[in-house]
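Step one of this worksheet: look at the structure below.
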Amino acid sequence: MLTPGWVIAALLIGVFSYYAFTFLAPWQLGKNEALVERNEHISAAFEHDPEPLSSRLGPDGSLGDGAEWSRVVATGRYTGPDVLLRLRPVDGTPAFQVLTPFTLDDGHAILVHRGWVKAQDSTQVPDIAPAPTGDVTITGMLRADEGVHPNAPMHEQGYDMVYSISPTQVGDLVGQSLASPYLQLLSDQPGVLNPIPLPQLETGNHLSYGLQWILFGIAAPAGLIYFLYSDSRERRRFEAEQEQLLDDATSGAPGPDPNPAPSRARQRYGSSRANPWAKAYDKEEER
């Protein structure tokens, strides 16, 4: 069994099964778990009245445990220029998403996602309605920082533009210190444009994909074991037949024919596995 073919096959199957169990299956199962948790938070957010923003933030302004997608209410004023999120379509429509700093009554500030506007000619910024002035009370859903995108911000068409929603990065652009999460406005709120639609409460096929990777990780070594067993069984059968032929030749049977017809031992894997070049050679010899 220690032939190069079997050894290479065993190594490849071992590597595949290892990644199926340690990376591929956990990746899909983790995505399913995250979606289930998200859906539970969204459902719970609409089962009761919005909570004060301060109750869902940590002392340092960070997002509290399990607070993402919470529905919160905040009072303050829009302070600062609009920053646009680029290259993020909404329902397949080329769009610019509008991010605006919002200063709370207690002096802290948070980034507010005011919604989106349709891009003109797919790349041009349309007229954007300004945020209202003065004190307002807004309701939205807390969202986690997406992190800083590898592409640096740019200034184009009169706006600073970013590639991800990172309150820290936006705060650096507008010169304000913003809380870690951001607030995504719901419809009919002061300053909202076209509100970002909430995600569908479904998990997709991630659970079935995860279970499939587990099944593949089990089936691959099981198949290898089966083929090893089949090959070993065929080897034993071939050896037993050869021993039986040797015993028959030495058991006192009538002497051999002085002019025996040429014969060959049975192929281990049947005539279908015989060498076609050898068959051609045999035919030439018979002629």
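My numbering numbers the first residue of the sequence shown as -3 and each following residue consecutively. For every residue, glycine included, the Cβ atom is placed at its ideal position computed from N, Cα and C. From a predicted model like this one, the values you see are computed outputs, not experimental measurements.
Beta bridge pairing from DSSP links D123 with no other residue. Remark: C-beta atoms of D45 and Y155 do not approach each other more closely than 8 Å. Counting along the chain, P22 sits inside the alpha helix (DSSP H) bounded by residues A21 to A41. In the DSSP assignment, Q93 falls within the unbroken beta strand (DSSP E) covering A91 to L100. Counting the other CB atoms within 10 Å of its CB gives Q180 a total of 16 or more, which places it among the buried residues. Along the length of the stretch 154 to 231, whole alpha helix (DSSP H) runs at least 4 residues long occupy 163 to 170, reported in chain order. Take A216, set aside five residues on each side of it, and the residues of its chain with a beta-carbon closer than 8 Å to its own are I9, F12, S13 and A16, in chain order.
For A5, the enclosing alpha helix (DSSP H) has its first and last residue at P0 to Y15. The alpha carbon of A70 has as its nearest neighbour, out of P0, Q208, L80 and T99, the alpha carbon of T99. The alpha-carbon of P90 is positioned some 15 Å away from that of P193. From the listed residues L107, I38 and V113, the smallest Cα separation to Q172 is found for L107.
Put simply, of S58, H151, T75 and W65 the residue whose alpha carbon is nearest the alpha carbon of L197 is W65. Counting other Cβ atoms within 10 Å of its Cβ, Q93 reaches 16 or more and is therefore classed as buried. Looking at S247, I134, F42 and E43, the one whose alpha-carbon comes closest to that of Y178 is I134. By the 16-neighbour rule on beta-carbons within 10 angstroms, P149 is buried. Segment contact: the stretch 205 to 214 against the stretch 21 to 29, three or more CB-CB distances shorter than 8 Å; contact assigned. For the pair E33 and P48, the Cα-to-Cα distance works out to about 22 Å. For T71, the enclosing beta strand (DSSP E) stretches over residues R67 to Y74. For the set I4, A6, V3 and E29, the Cα lying nearest the Cα of N201 is the one of E29.
When rounded, the separation of the alpha-carbon atoms in E152 and T96 is 17 Å. If you ignore the 5 residues before and after A21, its C-beta comes within less than 6 Å of the C-beta of G206, W209 and I210, all in its own chain and listed in chain order. The alpha-carbon separation between R73 and H37 amounts to approximately 27 Å.
Excluding its 5 nearest sequence neighbours in each direction, R52 has C-beta neighbours in its own chain below 8 Å: L59, G60, A63, S66, V68 and L138, listed in chain order.
In the structure shown, A115 falls within a coil segment according to DSSP collapsed to helix, strand and coil. Shown here for P163: same chain residues with a beta carbon closer than 8 Å to its own, the five before and five after excluded, namely I106, L107, D141, L174, A175, S176, P177 and Y178 in chain order.
Nearest to L83 by C-alpha distance, out of R232, P195, S39 and W112, is W112. Setting aside the 5 residues that flank it on each side, T75 is surrounded in the same chain by P97 and T99, each with a C-beta closer than 6 Å to its C-beta; the list follows chain order.
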